[in-house]
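Read in order, the letters of the sequence shown are residues 21 to 106 in the numbering used here. Worksheet: one structure, shown below.
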Amino acid sequence: MKRLSYAVSCLTAWLAISALISRAWVTNPEIFPSLPMALWQWADSHYQAANAEEIGDLEFIVTFTISSAAVLLAWIGTYWVWRGKR
Numbered sequence: 021m022k023r024l025s026y027a028v029s030c031l032t033a034w035l036a037i038s039a040l041i042s043r044a045w046v047t048n049p050e051i052f053p054s055l056p057m058a059l060w061q062w063a064d065s066h067y068q069a070a071n072a073e074e075i076g077d078l079e080f081i082v083t084f085t086i087s088s089a090a091v092l093l094a095w096i097g098t099y100w101v102w103r104g105k106r
């Protein structure tokens, strides 16, 4: 049971941190790197956004995916460093 609660808390933290980074990225685009227009055009061609609300949804999906991957890589890197020092 202890392992399950640890896994659930890690998953919850990962999703929450990713959502916060995505929100910061969408609301303050000048502090994060901008993505190339070709990526947005490719994503829009698959998502087929019809209005501004759907474009906003697409923007959040893309930024959430990128921030989730970045948080996961940082988490794995931190784990490897911590395990190496023990």
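Backbone N, C-alpha and C fix where the C-beta goes; we use that ideal spot for every residue, glycine too.
- CA-to-CA, the gap between Ala44 and Ala69 works out to about 22 Å.
- In this structure Leu55 is not in contact with Tyr67, their Cβ atoms being roughly 14 Å apart against a cut-off of 8 Å.
- The three-state secondary structure of Gln68, taken from DSSP, is coil.
- Comparing C-alpha distances from Trp60 to each of Val82, Arg103, Pro49 shows the shortest one belongs to Val82.
- Taking the C-beta atoms as reference points, Phe84 is found nearer than 7 Å to Ser38.
- In this chain, the alpha helix (DSSP H) harbouring Leu24 covers 22-47.
- Around the CB of Ser87, 16 or more other CB atoms lie within 10 Å, so the residue is classed as buried.
- Closest option to Cys30, judged by alpha-carbon separation, among Val101, Gly104, Leu92, Lys105: Leu92.
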